[in-house]
Structure formats: structure tokens, C-alpha cells
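Below you'll find the structure, written out as C-alpha cells, and then a few comments.
Protein chains: 2
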Amino acid sequence: MLQLTKRTEYGLIALTHLALRAGSVTSVREICEHYPVPRRLVAEVLKELCHAQLVESHRGSAGGYSLARAPDAISVGEVVGTLEGHPSLTSCSSMGLYVGHACGVEHVCPIRSPIETLRLELWRMLARTSLRDLAAHPKTVPSAAPALLQQRSARS
Amino acid sequence: MLQLTKRTEYGLIALTHLALRAGSVTSVREICEHYPVPRRLVAEVLKELCHAQLVESHRGSAGGYSLARAPDAISVGEVVGTLEGHPSLTSCSSMGLYVGHACGVEHVCPIRSPIETLRLELWRMLARTSLRDLAAHPKTVPSAAPALLQQRSARS
DNA sequence: TGAAAGCGCACTGAATCAGTGCTGATTCCC
DNA sequence: GGGAATCAGCACTGATTCAGTGCGCTTTCA
Chain A
21 MLQLTKRTEY GLIALTHLAL RAGSVTSVRE ICEHYPVPRR LVAEVLKELC HAQLVESHRG
81 SAGGYSLARA PDAISVGEVV GTLEGHPSLT SCSSMGLYVG HACGVEHVCP IRSPIETLRL
141 ELWRMLARTS LRDLAAHPKT VPSAAPALLQ QRSARS
Chain B
21 MLQLTKRTEY GLIALTHLAL RAGSVTSVRE ICEHYPVPRR LVAEVLKELC HAQLVESHRG
81 SAGGYSLARA PDAISVGEVV GTLEGHPSLT SCSSMGLYVG HACGVEHVCP IRSPIETLRL
141 ELWRMLARTS LRDLAAHPKT VPSAAPALLQ QRSARS
């Protein structure tokens, strides 16, 4: 699926919240009081982001998380890469499609190279969007929910 | 996962092959003789693409498939949209995250709007790449396989 | 010392994905 | 007319991934 996982989604929401509170320590509990997200999952995700050194953890009774860097120094691409691996679009490399099985000339993957180009472009797109961009965006009001995003459910 | 499914991959491979044989009718068997792809799955995918009117089917003993339009009039975006729905990146719209559950002001999804921007950009990227672009690309030779695509397997 | 917070491991149910079985319908060629 | 080749349609299975939770431990502060 060409879609982010819930974990990534929660991660981005949490990080955006941390970006708005930049400089201070914010607990998972506080994040979950602001958005309807499952607490344990968000905690799980923040732990991973901590291991990847995108956030810092502060244990103890007044603990929580804070960004490890400035919001504009953390890209969406880093977050996605941490939580679900770098976007690779196809699985050519893992399935060996491009290697072929017999003659080695005719049996090459015809789409690997151009798809690789798309992959790099997507990656650049994610890399140049930072947490600051997410935090700076005006919040979406419920009434603005467009039908655009719902095209997916309309498939076959 | 930010990744195309095998079905889409097979679909793109098959369509690229059809693009190279534009004007003639090509059977699933012939496609599978050129690439190490599971025959039944490719047939399944082509059937879907036929319903979406991206290809035309020709039944009978000398039957097969042919592109319904010129290769440069079929975009990768159309193919992806047909086989796995339009890329939506997040599931905000389906889970109602942006609606919130209580006060209706604080409880809005902070990332929906910027992610929507990314989604549109991704969509445009896929829309402006056509089958002709895929078919025109020089075939990848096995020795050129880069380590780039394998970053994914190195995660966590 | 107790409450609040994060840490770590492991588990479960649901959904999706990849691939296949089987039968029927259509067309061409001998 | 019959057989072979091809697509059409339905449905099923096993594997994988995903979302979410259980449970107990450690750390810090008041």
C-alpha cells in the first residue's frame, strides 16, 4: 500500500506536538489528552524515535519527551525512515526480479530503473518537509474535511 | 508501508511490456516468458486493468491483451490508483482523527493538512510519469544493482 | 516511600497480501 | 465440428504485517 502506517501517523502527530512545545518536556499522557490516539502505541513509537535519536526521553515523575533537535532540523523523511524503513516503492531488490533466472539479458526488470527515479523524488520530497512545516500549518477544522482523501474507499 | 504491492509491480511490468509491443496483442504467457512473474497473478492484475479500461482483452486462441491507449496516455498514477487505490498517505479521513471527540477545537489532527499537501505532490509525480517513460528507460543490468534500495531491510 | 513517568518483552486478533484451484466462456485453426 | 489456447470469474489458503494491549520493571521527584 502506498500509505503511511498508523505508527508513523501517530509519530508525526506526537512530534508535531513536541515541536509546538519545543524546549520543554512533554509526557505521552499530555499528548493523548490533546488527540484521540492510543496511549501505549504512541509511547511505543516515541521509544523508537528515541532510539533513533530524534527525541530525548526524560524518565521519572516529571518526565516525558522532547525533540533532540530544532523542529526544522527534523525531516518527515527521517521519521518515516525510522518508523517504516526508507520508501522503496517496489520490492525488486528483495525479490531479485531484475536479476532474471536464465539468460541474464532478456530477463531484467523493465521498471526498476524508472521506479527508482520516482523513489528518489519521493524521498527528496519527504526530506525537504520538516516538523516545523507540520507545526506551522494551520490546523484543519472538521468542516474542511474534503472528499479527496476518500477516493481510496471507492476502489473496485 | 510506503511501498507498492506486488500486484502493482506486476501490473507495471506487464503494461511496460505491452507498451513495447504497442499495436499488437500479447498473451499473459508471453509476458511470463520474459519475466519471472507468477502467471496467474499477472492474469488477475491484467483483468483488473481491463475493467479499468487501461488495457483491452482479446479472447480466443490467439488472444491476449493490448493497451487501450497510447503508452504516453497512460500514467503510472492511473495504474497505481486502479490497483491499490489513490495514494492517501494517512488514514485520517477514515479514522476521524481530525474530528476529535470532545471540544472540537483543540482536538484536530495537526498533520492532516500538510500531509495532504505531500499526498497531492506524490500524486502529481505519479501522474506525470507515463508508460512510455517506463518503456523508454534503459533496462537495468544485474551488475548495476545498487545498495540504495536495500536500506529498508536494515531498519531497526 | 509512593506516585508518575518511561522501558522492555511478548502476545493477540484483524486485516492485507501473494499465490493458487477450479470451472466456464470465447475464439481460432485444423 | 472438435480441440487447443486464451481470457473470465469465483473462492480459497497460508504467510505476513499491523494495531493495539498485558504485564512487570526501572527511574525520578516530591
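If you read the protein sequences in the order shown, they are chains A and B. Letter 120 of the first sequence, counting from 1, is numbered 140 in my numbering, and no numbers are missing. Letter 81 of the second sequence, counting from 1, is numbered 101 in my numbering, and no numbers are missing. Backbone N, C-alpha and C define an ideal beta-carbon position, used for all residues, glycine too.
DSSP three-state assignment for residue 77/A, whether helix, strand or coil: Residue 77/A falls in the strand class under three-state DSSP.
Count the other CB atoms within 10 Å of the CB of residue 16/A; is the residue buried (16 or more) or exposed (fewer)? This structure cannot settle anything about residue 16/A, because the visible part of chain A is limited to 21 through 176.
Could you name the residues of the same chain whose beta carbon sits closer than 8 Å to that of residue 74/B, not counting the 5 residues immediately before and after it, in chain order? Around residue 74/B: 35, 87, 88, 89, 94, 98, 99 and 102.
Using a Cβ cut-off of 8 Å (strictly closer), state whether residue 78/A contacts chain B. For residue 78/A, the answer is no, since every Cβ of chain B falls outside 8 Å of its Cβ.
Whole-angstrom Cβ separation of residue 62/B and residue 45/B, contact assumed at under 8 Å? 15 Å between Cβ atoms; not a contact.
Just to confirm, is the Cβ distance from residue 152/A to residue 58/A under 8 Å? No, they are not a contact pair.
Output yes if chain A places a C-beta closer than 8 Å to the C-beta of residue 51/B; else output no. Output row for residue 51/B: interface = no.
Taking the beta carbon of residue 140/B as the centre, do at least 16 other beta carbons fall within 10 Å, making it buried, or is it exposed? Its Cβ having fewer than 16 others within 10 Å, residue 140/B is exposed.
To the nearest angstrom, report how far apart residue 136/A and residue 82/A are at their CA atoms. Cα-Cα distance, rounded: 46 Å.
Partners in chain B for residue 141/A, counting only beta-carbon separations shorter than 8 Å: Residues of chain B passing the Cβ test: 145.
With distance defined between alpha-carbon atoms, name the residue in 38/A, 43/A, 68/A and 69/A nearest to residue 54/A. Of the residues 38/A, 43/A, 68/A and 69/A, the one whose Cα lies closest to the Cα of residue 54/A is 38/A.
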